[in-house]
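Scroll down for the structure; my scribbles are underneath it.
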Amino acid sequence: MNNDLTRIRRSALHDKIMPAAEAVKLIKDGMVVGMSGFGGGGEAKTVPLALAEHAKTHPLQITFATGASLGNGIDKKLCEANVIARRLPYQSDATLRKAINAGDVMFTDQHLSETAEQMRHHTIAQPSIAIIAATAITEDGHIIPTGSVGNSAAFAEMADQIIVEIDQSIHPSFEGAHDIYVPKARPNREPVPLIHVDDRIGTHGIVVNPEKITAIVFNDIPDRAASMADPDEETLAIAKNLIKFFENEVAVGRLPENLGPLQSGVGSIANAVFAGFEHSSFKNLEMYSEVLQDCTFQLIDSGKMIFASGSSMTLDTSAERVMNNFELYKDKVVLRPQEISNNPELIRRLGIIAINTAIEFDIYGNVNSTHVTGSKMMNGIGGSGDYARHAHLAVFVTKSIAKDGAISSVVPMVSHVDHNEHDIDILVTEQGVADLRGLAPRERALQIIEHCAHPSYQPLLRDYFERACAKGGHTPHLLNEALSWHANFEETGHMQA
450 MNNDLTRIRR SALHDKIMPA AEAVKLIKDG MVVGMSGFGG GGEAKTVPLA
500 LAEHAKTHPL QITFATGASL GNGIDKKLCE ANVIARRLPY QSDATLRKAI
550 NAGDVMFTDQ HLSETAEQMR HHTIAQPSIA IIAATAITED GHIIPTGSVG
600 NSAAFAEMAD QIIVEIDQSI HPSFEGAHDI YVPKARPNRE PVPLIHVDDR
650 IGTHGIVVNP EKITAIVFND IPDRAASMAD PDEETLAIAK NLIKFFENEV
700 AVGRLPENLG PLQSGVGSIA NAVFAGFEHS SFKNLEMYSE VLQDCTFQLI
750 DSGKMIFASG SSMTLDTSAE RVMNNFELYK DKVVLRPQEI SNNPELIRRL
800 GIIAINTAIE FDIYGNVNST HVTGSKMMNG IGGSGDYARH AHLAVFVTKS
850 IAKDGAISSV VPMVSHVDHN EHDIDILVTE QGVADLRGLA PRERALQIIE
900 HCAHPSYQPL LRDYFERACA KGGHTPHLLN EALSWHANFE ETGHMQA
């Protein structure tokens with residue numbers, strides 16, 4: 450790899466260039482390390498991979514904070530090297546997940562808007578060192594991010610030292626795609642001056658004191674996000690049900706013709722559901738989200754979407770096409786810090802329609818998006834809570850059954866609550882749509898059972914609900930049976946005993 454020194458336009462920093470194996474020696478046992486990266490986009494790569502190798506002969510453990518999940522097996526390799534003592538705020542790696550569920554790694558599962566906030570106000574420890582992936586460093590020493598912003602700006606502001614990783618796999622034309630706005634600490638904070646999805650309110654780069662940059666390394670390893678599953682019959686049906694619901698909302702005057710700004714959670718189901726807009730009658734769509742996935746650029750290419758704001762680009766099948774032709778998209782997308790993309794003030798102001806994925810939900814509308822059978826962490830709450838609590842419409846989607854019918858995604862009581870019934874407006878499965886707005890618990894249960902549950906589980910849910918209602922209560926439950934479906938699954942591999 451030839452190092453392109455033109456990417457470091459502040460020549461005084463050239464003497465900070467060093468191999469990754471040297472840079473990792475700045476990281477000491479017990480440190481809090483903040484690193485760029487969000488959903489497999491924009492992470493540093495050479496440095497954390499070198500750290501995993503370094504730890505084999507120089508054992509150390511760190512608190513490891515990022516924007517969200519990482520690609521390129523970074524969490525896996527750091528976990529295998531026993532480097533991670535604590536991880537926050539989100540992850541999606543199978544090896545790390547196993548260590549978390551075994552109690553070997555402490556996982557602080559946070560709303561993505563809150564990590565930087567809590568560090569800024571010393572609720573949790575600030576990073577001693579920040580590792581930031583960059584397209585370039587400007588003449589003023591500003592760091593131009595790559596495929597995500599995430600928590601990079603906040604980490605760089607707080608850290609005593611910064612390692613910059615120049616990512617030569619990112620085309621220089623990426624400069625200008627970012628809008629870096631960092632809120633002030635309370636109580637002197639001003640309103641965030643963003644009124645429209647395409648407003649730019651900050652700087653193109655992360656403003657830092659150049660003297661804090663203690664090391665610069667180069668890499669040419671491309672971003673690699675998790676592969677997305679192709680749409681199947683069920684996800685296409687979910688998309689169809691949701692679009693039909695939106696069409697009716699427009700027809701009765703509750704939504705504008707372009708729906709207003711849209712947010713999409715991460716993952717194959719959300720990506721497939723969003724892609725369904727391509728074949729709808731909607732146009733001039735706008736996105737204000739955290740992750741811009743393949744579906745975003747598919748909708749831009751089709752002319753359906755006119756602008757998308759996010760914190761990260763997490764691309765699978767469209768990665769090469771988008772990254773090699775980014776000039777075509779530069780006036781249609783912007784990447785912001787996640788405390789802006791996920792900011793509750795802005796979500797409420799802009800009137801976001803939030804579409805996220807559930808693991809399960811219960812008959813009263815409580816949603817579990819993180820834990821399997823109540824105990825086993827999957828990935829984390831991510832930004833779904835930031836959006837659900839403050840959105841104009843909070844929508845959760847999932848298939849009605851999993852594992853060939855052994856699991857019902859609609860249950861009497863969720864085994865873990867991430868989003869309570871008060872925050873949920875619309876639930877969608879391939880079976881239909883439950884509109885919960887303005888309903889009491891008993892009314893919600895009827896909507897959910899009749900419109901979202903799989904036919905093979907509807908009789909069981911009706912029976913549970915009717916017997917619970919006979920016992921009485923505002924939110925009727927049979928406490929000795931409420932979690933029996935989950936217990937059945939753990940004991941027999943099927944929710945139906």
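So for the sequence shown, the working numbering puts the first residue at 450; every next one is plus one.
In this text, a Cβ means the ideal position worked out from N, Cα and C, and glycines have one as well.
Remember, predicted model here, so these are calculated numbers, not experimental data.
- In this structure, Val722 and Ile804 form a Cβ contact; the two beta carbons are roughly 7 Å apart against a cut-off of 8 Å.
- Apart from the 5 residues on each side of it in sequence, Lys525 sits with its Cβ closer than 8 Å to the Cβ of Asp542, Ala543, Thr544 and Leu545 in its chain, given in chain order.
- By the criterion of a C-beta distance shorter than 6 Å, Val646 is surrounded in its chain by Pro710, Glu735, Tyr737, Phe756 and Ser758, once the five residues flanking it on both sides are discounted.
- Ala719 and Phe746 have their C-alpha atoms some 14 Å from each other.
- Taking a C-beta distance under 8 Å as the contact criterion, Ile665 and Ile629 do not qualify as a contact pair.
- With respect to the C-alpha of Gln742, the residue from Thr763, Ser518, Asn658 and Thr663 having the closest C-alpha is Thr763.
- Among the bridge pairs identified by DSSP, Ser758 is matched with Tyr737 and Val783.
- When DSSP states are grouped into helix, strand and coil, Arg635 belongs to the coil group.
- Straight-line measurement puts the Cα of Ile580 at about 8 Å from the Cα of Val496.
- Membership of Thr512 in the beta strand (DSSP E) is indicated by the continuous run Ile511 to Ala514.
- According to DSSP, Asn929 shares a beta bridge with no other residue.
- The Cβ atoms of Gly725 and Ile692 lie closer than 8 Å to each other.
- Secondary structure of Ser833 (DSSP, three-state): helix.
- Per the DSSP secondary-structure output, Ser597 pairs in a beta bridge with Ser761.
- Contact between Val863 and Asn817 is confirmed by a C-beta separation of about 4 Å, below the 8 Å threshold.
- The C-beta distance from Ile549 to Val613 rounds to 30 Å, too long to meet the 8 Å contact threshold.
- When the beta-carbon positions are compared, Phe775 and Phe623 come within less than 8 Å of each other.
- For Asn815, no alpha helix (DSSP H) encloses it, and the DSSP letter there is neither H nor E.
- For the region 477–506, the full-length beta strand (DSSP E) segments reaching 3 residues or more read 481–484 along the chain.
- Between the region 828–843 and the region 916–923 there are fewer than three inter-stretch CB-CB distances shorter than 8 Å, so the stretches are not counted as touching.
- A distance below 7 Å between beta-carbons, with the five flanking residues on each side excluded, links Gly942 to the following residues of its chain, in chain order: Ala855.
- Taking a contact as a CB-CB distance under 8 Å, the pair Ser760 and Arg785 counts as one, their CB atoms being some 6 Å apart.
- Pairing Asn697 with Gly881 gives a Cβ-Cβ distance that is not under 8 Å.
- When Cβ pairs closer than 8 Å are counted between the two stretches, the region 872–889 is seen to touch the region 835–851, the count reaching three or more.
- Residue environment analysis places Lys633 among the exposed positions, since fewer than 16 neighbouring C-beta atoms fall within 10 angstroms of its C-beta.
- In this structure Gly552 is exposed. Its beta-carbon is surrounded by fewer than 16 other beta-carbon atoms within 10 angstroms.
- Secondary structure within the region 693–733: the alpha helix (DSSP H) runs of 4 or more consecutive residues, fully enclosed, are 717–724 (chain order).
- Minimum Cα-Cα distance from Leu708 among the listed residues Ile801, Gly752, Asp811 and Pro642 corresponds to Ile801.
- Here Lys477 is exposed: its Cβ has fewer than 16 other Cβ atoms, across all protein chains shown, within 10 Å.
- Met555 and Leu537 have their alpha carbons spaced roughly 9 Å apart.
- The Cβ atoms of Leu885 and Gly814 lie closer than 8 Å to each other.
- The straight-line gap separating the alpha-carbon atoms of Thr766 and Tyr778 is approximately 16 Å.
- Using a 10 angstroms sphere on the CB of Leu561, the tally of other CB atoms reaches 16 or more, which defines it as buried.
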